[in-house]
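Number of protein chains: 2
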Amino acid sequence: MTRKALPQPERDEIRVESVLQALGEPVRLQIIRALADAPEGIACGEIELPVTASTRAHHLRILREAGVLSTHTEGTRRISTLRREDLESLYPGLLTGILTARH
Amino acid sequence: MTRKALPQPERDEIRVESVLQALGEPVRLQIIRALADAPEGIACGEIELPVTASTRAHHLRILREAGVLSTHTEGTRRISTLRREDLESLYPGLLTGILTARH
DNA sequence: ATCGTACTACGAAGATCATCGAACTTCGAT
DNA sequence: ATCGAAGTTCGATGATCTTCGTAGTACGAT
């Protein structure tokens, strides 16, 4: 089984603006909440979403390029995980603030 | 001198999604940073921004309707203040996280 | 080697958004 | 009562974004 990480910004390349823009979309917020409940990561197909697979891939790419999540391949699957440490170090409290919100 | 508050959502009507969407825009982030440095509030014309007055008004309205800031009139001027308490209570750490970010 | 699964990349369509100028309102000052 | 300053609203324009279907890639299993 092969394992490969997809390109993503280094911690010091992450910009608030991009992170907030990435998070300010309902579907992507849903993805983040799903990932928060799965520290070991989730395959993108496993997240229940009201959009097609290609749209799903689009949103995951935006989140990854913003630096919000990390993705690596495991066979044909792509496992995504929240970049909790990086986000917490850059914007302490932001993630928690978002995740603890009533929804 | 007349004083009147402009319509804005109650604390329990504020939605994360709207807040994040409001904050995920460069000009609006600039406004928030300016407001954070002025606890007593700022007249919208006093914030240096690379946009015209009407665009400025547009952004302030979005921020107000999202529940991020509060606006009241003072004569012909409109003073805006960050809704720090409400935001801190709803999403603890979020504002601080954003404001302490390198930019 | 062929097949199915999981996912991505591309191009198009429609929706949403930022921006502007022009017209209008409101207030304070002359 | 007229003027100027501060700010808003409206409609239009162009840019950006979400969404989709189709076609394609990569991998594991048969």
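Chains as they are written, first to last, in UniProt numbering: chain A, 1 to 103; chain B, 1 to 103.
Positions of the beta carbon are idealized from the N, C-alpha and C atoms, including for glycine.
task = Using a Cβ-Cβ cut-off of less than 8 Å, give me the residues of the region 32 to 50 of chain B that come near chain A, in sequence order.
result = none
ask   = When DSSP labels each residue in this structure, what does residue 72/B get in the three-state scheme?
value = strand
ask   = Considering only C-alpha positions, which residue in the set 55/B, 30/B, 90/B is nearest to residue 67/B?
value = 90/B
request  = Quick one: measure Cβ to Cβ for residue 80/B and residue 35/B, integer angstroms, because I've assumed they're closer than 8 Å.
outcome  = 6 Å
query = So what does residue 80/A bridge to, in DSSP terms?
reply = The bridge partners DSSP lists for residue 80/A are 42/A, 71/A.
message = According to DSSP, is residue 57/B part of a helix, a strand, or is it coil?
response = Of the three classes helix, strand and coil, the one that applies to residue 57/B here is helix, per DSSP.
message = Within 8 Å of any Cβ in chain B, is that where the Cβ of residue 57/A sits?
response = no
message = Taking beta-carbon pairs under 7 Å, can you tell me which members of the region 8 to 25 of chain A lie near chain B?
response = 16, 17, 20, 21, 23, 24
ask   = Since residue 94/B contacts residue 83/B with CB under 8 Å, what's their CB separation in whole angstroms?
value = Your pair residue 94/B and residue 83/B does not check out as a contact, with CB atoms roughly 12 Å apart and the cut at 8 Å.
task = Would you kindly report the start and end of the unbroken beta strand (DSSP E) that includes residue 3/A?
result = 3 to 5
request  = Return yes when the Cβ of residue 92/A is within less than 8 Å of the Cβ of residue 97/B, no when it is not.
outcome  = For residue 97/B and residue 92/A, yes; Cβs fall inside 8 Å.
key: Alpha carbon of residue 20/B to alpha carbon of residue 33/A, nearest angstrom   = 14 Å
task = Excluding the 5 residues preceding and the 5 following residue 78/B in the sequence, name in chain order all residues of the same chain whose CB lies nearer than 7 Å to its CB.
result = 43, 44, 71
ask   = Can you tell me whether DSSP reads residue 12/B as helix, strand or coil?
value = helix
message = Tell me which residue opens and which closes the alpha helix (DSSP H) that residue 34/B is part of.
response = Counting along the chain, the alpha helix (DSSP H) containing residue 34/B begins and ends at 26 to 36.
Anticipated Cβ contact below 8 Å, residue 3/B with residue 73/B, distance rounded = Correct: roughly 7 Å between the Cβ atoms.
task = Measure the alpha-carbon distance for residue 24/A versus residue 17/A and round it to whole angstroms.
result = 11 Å
ask   = Span of the alpha helix (DSSP H) holding residue 93/A?
value = Segment: none, residue 93/A is in no alpha helix (DSSP H) and carries neither H nor E.
Proximal residues of chain B, C-beta to C-beta of residue 98/A below 8 Å = 16, 20, 91, 94
Alpha-carbon spacing of residue 7/B relative to residue 57/B, whole angstroms = The C-alpha of residue 7/B lies about 14 Å from the C-alpha of residue 57/B.
query = Where does residue 49/A fall in DSSP's three states?
reply = Looking at residue 49/A - three-state DSSP - the assignment turns out to be coil, as it is neither helix nor strand.
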